[in-house]
Amino acid sequence: MTVKPLTATASGPLTGDVRVPGDKSISHRALMLSAIAVGESRVEGLLEGEDVLCTAAAMRALGAEIERDDNGVWHIWGRGVGGLQEPANVLDMGNSGTAARLLLGLLATHPLTATMTGDESLRGRPMGRVTRPLGEMGAAFTGRSDLSGKGRDLLPLTIQGSDSPIPITYRLPVASAQVKSAVLLAGLNTPGETTVIEPAHTRDHSELMLRHFGARIKVEETSEGRATTLTGQPELTGRYITVPADPSSAAFPSVAALLSPGSEITLRAVGMNPHRIGLFITLREMGANIEFTNEREEGGEPVADLIVRAGPLQGIEVPAERAPSMIDEYPVLAMAAACAEGTTVMRGLAELRVKECDRLAATARGLEACGVKVEEGEDSLIVHGVGAAAGYRPEGGGTVATHFDHRIAMSFLVLGLVSKAPVTVDDATAIDTSFPDFQRLMTGLGAHVFARNAPVPSGA
14 MTVKPLTATA
24 SGPLTGDVRV
34 PGDKSISHRA
44 LMLSAIAVGE
54 SRVEGLLEGE
64 DVLCTAAAMR
74 ALGAEIERDD
84 NGVWHIWGRG
94 VGGLQEPANV
104 LDMGNSGTAA
114 RLLLGLLATH
124 PLTATMTGDE
134 SLRGRPMGRV
144 TRPLGEMGAA
154 FTGRSDLSGK
164 GRDLLPLTIQ
174 GSDSPIPITY
184 RLPVASAQVK
194 SAVLLAGLNT
204 PGETTVIEPA
214 HTRDHSELML
224 RHFGARIKVE
234 ETSEGRATTL
244 TGQPELTGRY
254 ITVPADPSSA
264 AFPSVAALLS
274 PGSEITLRAV
284 GMNPHRIGLF
294 ITLREMGANI
304 EFTNEREEGG
314 EPVADLIVRA
324 GPLQGIEVPA
334 ERAPSMIDEY
344 PVLAMAAACA
354 EGTTVMRGLA
364 ELRVKECDRL
374 AATARGLEAC
384 GVKVEEGEDS
394 LIVHGVGAAA
404 GYRPEGGGTV
414 ATHFDHRIAM
424 SFLVLGLVSK
434 APVTVDDATA
444 IDTSFPDFQR
454 LMTGLGAHVF
464 ARNAPVPSGA
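Residue numbers for the sequence shown follow the working numbering, beginning at 14 and rising by one.
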């Protein structure tokens with residue numbers, strides 16, 4: 014496989030007015046729910062990264078009709094709840110754990126057989142926490158075991174959907190939007206009520222979009238946690254959806270602007286779902302100058318324009334209970350912490366170890382390679398910022414192993430923009446899964462990000 018090293022070097026102020034790609038989580042859900050709605054759905058702002066395109070291909074293979082017009086609007090003609098057809102070939106979910114787990118839920122209560130695979134990274138991510146509750150609903154799964162011979166829940170994985178699905182009440186052992194969503198999607202083609210009880214609030218994109226398509230969803234607080242109940246076998250109707258800009262993608266130019274003296278950028282129509290903005294809350298607590306303007310609602314989701322201005326940051330202790338609202342953003346938060354004054358303590362990070370790679374270890378090793386002192390625990394990361402004594406600039410100079418993880422790659426390229434020496438990531442190929450225009454957008458703002466064998470930008 015061809016690798017794509019990228020290098021970032023110290024840049025001047027970042028300036029500009031841009032929109033980052035559409036929200037990845039919402040894009041996956043928009044395609045899946047449109048495919049089981051009756052009639053046509055139209056989706057604007059869909060993320061056209063590799064992972065989402067894999068989801069679109071999978072839904073076509075399951076019988077949905079999907080077209081993209083010349084204006085970038087996606088048109089999906091669905092098959093109705095329970096109407097997906099058995100695919101003729103293996104479904105390739107690329108690098109997306111979200112898409113794989115949600116689609117397992119959707120297929121679990123269809124009377125069909127399907128096999129799902131993904132890239133090398135996804136094939137190493139266990140699906141057991143999803144297949145266990147789906148098995149209680151009547152589905153059967155056969156997958157690969159790990160190297161120890163334990164489990165049978167690795168991709169490629171074959172699912173035999175149930176023709177007589179059983180509604181369940183499922184208590185999540187650990188808060189997970191992916192597991193919650195998989196069970197709710199399975200409940201769509203199940204008679205009666207399916208309930209998921211979560212110990213802590215997680216992102217609610219599935220619930221919001223299910224309501225948008227016409228499903229009956231009830232959410233209530235109980236003594237055991239937050240209970241979400243879906244009434245099965247609704248008729249979902251095609252809808253118009255505007256996908257907001259992805260807050261996880263907005264994190265990278267935001268942190269880059271905060272750390273680059275003299276910067277001021279505007280990021281348009283960023284999703285402000287309260288279960289997704291933990292990073293921006295945390296950065297503000299660190300002293301970041303981030304202004305939310307033009308707050309509004311688009312497609313059932315809150316959005317705002319963000320104005321981000323550079324300034325010094327102070328290390329803090331991040332509340333562990335905030336982790337579900339920012340789990341994907343801890344790597345880039347660690348870059349901000351590396352440049353801050355004092356120490357930043359992050360706890361409750363165990364979920365990072367089962368992402369596209371072990372993001373907790375990858376972040377720690379990368380920071381060490383760039384001269385930043387860190388302490389890595391089982392579910393924690395403590396970053397000692399270089400502070401004013403170093404001009405808020407880490408040493409840099411490292412080559413960071415990305416382990417084919419898009420967020421690790423983009424995070425360390427952000428660090429390279431403010432380090433004393435350039436930072437190189439060994440392979441930036443995975444960035445295309447979620448942010449295919451990352452390099453172009455960042456260079457347009459004034460960042461120095463370039464291929465290793467390309468000419469160094471003027472002034473770098």
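Virtual Cβ for every residue (Gly too), placed ideally from N, Cα, C.
Asked                                                                                                                                                                     : Found
Please check the pair ILE39 and VAL256, which I expect to be a contact at CB under 8 Å, by giving their CB distance rounded to whole angstroms.                           : 5 Å
Pop quiz: ARG322 and ASN307 are said to be a contact at Cβ under 8 Å. What is the actual Cβ separation, rounded to whole angstroms?                                       : Not really, about 17 Å apart at Cβ, beyond 8 Å.
Starting from THR242, follow its DSSP beta bridges and name the residues at the other end.                                                                                : THR208 and LYS231
Tell me the start and end of each unbroken beta strand (DSSP E) in the region 381 to 414 that is at least 3 residues and wholly inside, in chain order.                   : 386 to 389 and 393 to 397
Using only the alpha-carbon positions, how far apart do SER24 and THR456 sit?                                                                                             : 10 Å
Helix or strand or just coil, what does DSSP make of ILE421?                                                                                                              : helix
Quickly, what does DSSP pair LEU292 with across the bridge? List them, please.                                                                                            : LEU292 pairs with nothing; no bridge assigned.
For ASP36, which residues in the same chain have their Cβ closer than 6 Å to its Cβ, ignoring the five residues on either side in sequence?                               : VAL256, PRO257, ASP259 and GLY284
At what residue ranges does the region 36 to 81 contain a whole run of the beta strand (DSSP E), taking only runs of 3 or more?                                           : 53 to 57 and 78 to 81
Give the secondary structure of LEU120 by DSSP, where H, G and I count as helix, E and B as strand, and everything else as coil.                                          : helix
What did DSSP end up calling THR203 once you bin it into helix, strand or coil?                                                                                           : coil
I'd like the ranges of any alpha helix (DSSP H) spanning at least 4 consecutive residues and lying wholly in the region 317 to 366.                                       : 343 to 352
Excluding sequence positions up to five away, which residues of its chain have a Cβ less than 7 Å from the Cβ of GLY131?                                                  : ASP105, MET106, GLY107, ASN108, ALA113 and LEU168
Please name the residue, chosen from LEU346, THR126, SER189 and ALA188, that lies closest to LEU170 on a Cα-to-Cα basis.                                                  : THR126
Could you spell out where the beta strand (DSSP E) holding GLY156 opens and where it closes?                                                                              : 153 to 157
In the region 84 to 151, which residue ranges form an unbroken beta strand (DSSP E) of at least 3 residues, counting only runs that do not cross its ends?                : 87 to 90 and 126 to 130
So, helix, strand or coil for PRO287, using DSSP?                                                                                                                         : coil
Flag this pair as yes or no: are the beta carbons of SER338 and HIS288 separated by less than 8 Å?                                                                        : yes
Tell me which residues share the same chain as ARG360 and place their Cβ nearer than 6 Å to its Cβ, disregarding the 5 neighbours each side in the sequence.              : ALA333 and SER393
Quick one: using the 10 Å Cβ neighbour count with 16 as the cut-off for buried, is SER236 buried or exposed?                                                              : exposed
Excluding the five sequence neighbours on either side, which residues of its own chain have a C-beta within less than 7 Å of the C-beta of SER471, listed in chain order? : For SER471, the pLDDT reaches just 46, beneath the cut-off of 50, and the residue's location in the model is therefore unreliable, although a value from the coordinates is still provided. Nothing listed; no residue qualifies.
Whose C-alpha, out of GLU311, ALA264, THR20 and LEU221, is nearest the C-alpha of ALA349?                                                                                 : ALA264
With a threshold of 8 Å, are at least 3 pairs of Cβ atoms found where one atom belongs to the region 178 to 187 and the other to the region 205 to 217?                   : yes
How is the beta strand (DSSP E) around PRO169 delimited, first residue to last?                                                                                           : 167 to 173
Identify which residue in MET72, LEU59, GLY400 and ARG157 has its Cα closest to the Cα of ASN84.                                                                          : LEU59
Between which two residues does the beta strand (DSSP E) harbouring GLU311 extend?                                                                                        : 302 to 311
Provide the residue(s) that pair with THR182 in DSSP beta bridges, ordered along the chain.                                                                               : THR208
Give me the residue from GLY291, VAL431 and ALA374 with the minimum Cα distance to ALA351.                                                                                : VAL431
Given this structure, state the Cα-to-Cα distance separating PRO26 from ALA270, to the nearest angstrom.                                                                  : 7 Å
Touching or not, the region 211 to 230 and the region 412 to 424, by the rule of three or more beta carbon pairs under 8 Å?                                               : no
In terms of DSSP beta bridges, what is HIS461 paired with?                                                                                                                : THR22
In three-state DSSP terms, what is GLU248?                                                                                                                                : coil
Could you tell me the distance, in whole angstroms, from the CA atom of LEU117 to the CA atom of ASN102?                                                                  : 16 Å
Run through DSSP, which three-state label would THR376 get?                                                                                                               : helix
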